[in-house]
Amino acid sequence: MDDVTLNGLLRDLASPDPVTRDEKAYSQLARAIMARELTTAQRSEAARVARELLQHREIQARTFGPLILAVLVDVGDWDDAWFAETRDWYVAETDLRGYDDELGWLHAVAHGSDFFGEAAVAGRVPGDEVLDVLVERCVTATPLVWQDQEEIRVAHAAAHALSDPRLAPHVAVGWLERVESELEALKPGPPPPWSTNTLHMLHALHVALGHEILHDGEPVTIRHGDRVRARVAATIQPTQPWFWRTR
């Protein structure tokens, strides 16, 4: 890919037109990166632009930065700053819309999760650090109940984090302590959106841990999977004691 074409596609990642941004710019860039059609210098430029997008004033631009970084991680590129900068954006982002009728896919929660999942499965970041970021996103107050399968993307990233072979048994379940503490502090009344989002994510993770977790279509080994699955169930159960109990 020549530099003029690359720069045009990188510019279009911020476009408010979903066809230009998603179907053209992102799709073509992702294919080119995965096909190793970009030089080292061109991939560095793509990473630079993606990092700048995290600070963009418009939501459709901010949410596409992590997707480009995720693809770069998948082909072996990495910079520790990517994790820190994406984490800071991810936990602070307030516009959590999934699909917008005018802007198309925004999907901040899902796109950020994709990056963290790739970072974890590539071994670039310790699994427990990724889990802490995902929990922070889940329990942060929001007026929006996720409705475009964000909880599944978060659960997928969490599963990838749990594939870290360095995880000790107590660390593999330790991230759930924060979730349990936040859920226990809920007051009677309608559940806040963050708690609904968190429980939906835990349900998705619990189901998946009973089967094969995939990355790029291939199974990955989950560390202490049975232990984590049991602890996830124990975290969910107090929110619905009239329905079921752990064995």
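FYI, in full-length UniProt numbering the residues of the sequence shown are 1 to 247.
In this text, a Cβ means the ideal position worked out from N, Cα and C, and glycines have one as well.
Distance between beta carbons of residue j and residue i, contact taken as under 8 Å
| i | j | result |
| --- | --- | --- |
| Leu-162 | Ala-155 | Between Ala-155 and Leu-162 the Cβ distance is about 10 Å, and since that is not below 8 Å, they are no contact. |
| His-160 | His-211 | Actually they are not in contact, since the Cβ atoms of His-160 and His-211 sit about 15 Å apart, beyond 8 Å. |
| Val-139 | Thr-198 | 6 Å |
| Asp-100 | Ala-108 | In fact, because the Cβ distance is near 11 Å, the residues do not count as touching under 8 Å. |
| Arg-21 | Asp-77 | Not quite, the Cβ-Cβ distance comes to about 22 Å (not below 8 Å), so this is no contact. |
| Arg-227 | Gln-237 | Not quite, the Cβ-Cβ distance comes to about 16 Å (not below 8 Å), so this is no contact. |
| Asp-79 | Ala-47 | 7 Å |
Among the options, the one whose alpha carbon lies nearest that of residue i
| i | options | result |
| --- | --- | --- |
| Ala-61 | Pro-143, Ala-50, Val-232 | Ala-50 |
| Glu-85 | Leu-69, Lys-187, Glu-150 | Leu-69 |
| Arg-97 | Leu-202, Arg-36, Gln-149, Arg-57 | Gln-149 |
| Glu-151 | Arg-31, Leu-202, Ala-47, Ala-233 | Leu-202 |
| Val-220 | Ala-208, Pro-188, Val-179 | Ala-208 |
| Leu-53 | Glu-23, Gln-42, Thr-40, Leu-67 | Leu-67 |
| Glu-102 | Glu-129, Ser-113, Asp-17 | Asp-17 |
| Ile-213 | Ala-81, Trp-244, Gly-117 | Gly-117 |
| Glu-23 | Leu-38, Asp-80, Glu-58, Trp-105 | Trp-105 |
| Gly-112 | Ser-195, Val-91, Glu-184, Val-75 | Val-91 |
| Leu-186 | Ala-47, Leu-131, Ala-141, Ala-81 | Ala-141 |
| Arg-229 | Ala-47, Phe-243, Arg-247 | Arg-247 |
| Ala-158 | Ala-30, Thr-196, Ala-204 | Ala-204 |
| Ala-122 | Asp-74, Ala-81, Ala-41, Leu-131 | Asp-74 |
Where residue i sits in the DSSP three-state scheme
| i | result |
| --- | --- |
| Val-220 | strand |
| residue 299 | The shown model of the chain, from 1 to 247, leaves out residue 299, and the question about it has no answer. |
| Asp-12 | helix |
| His-215 | strand |
| Trp-105 | strand |
| Asp-100 | strand |
| Ile-182 | As written in the sequence, residue 182 is Glu, which differs from the Ile given in the question. Here Glu-182 sits in helix by DSSP. |
| Gly-174 | helix |
| Arg-31 | helix |
| Leu-53 | helix |
| Arg-21 | helix |
| Pro-192 | coil |
| Asp-114 | helix |
| Glu-151 | helix |
| Thr-5 | helix |
C-alpha gap between residue i and residue j, whole angstroms
| i | j | result |
| --- | --- | --- |
| Glu-182 | Thr-5 | 48 Å |
| Gly-127 | Gly-225 | 14 Å |
| His-200 | Pro-193 | 11 Å |
| Asp-2 | Trp-175 | 45 Å |
| Ala-110 | Ala-120 | 15 Å |
| Gly-65 | His-206 | 29 Å |
| Val-135 | Leu-72 | 24 Å |
| Leu-167 | Gly-8 | 42 Å |
| Arg-87 | Arg-124 | 14 Å |
| Tyr-26 | Thr-239 | 40 Å |
| Arg-223 | Pro-165 | 6 Å |
| Glu-58 | Pro-190 | 32 Å |
| Glu-218 | Ile-33 | 20 Å |
| Phe-115 | Arg-231 | 25 Å |
| Gln-55 | Trp-89 | 8 Å |
| residue 250 | Glu-93 | Here the chain has residues from 1 to 247 only, and residue 250 is not among them. |
| Glu-180 | Phe-243 | 18 Å |
Closer than 8 Å to chain D by CB, residue i
| i | result |
| --- | --- |
| Glu-212 | In the displayed structure, chain D is absent; only one protein chain is listed. |
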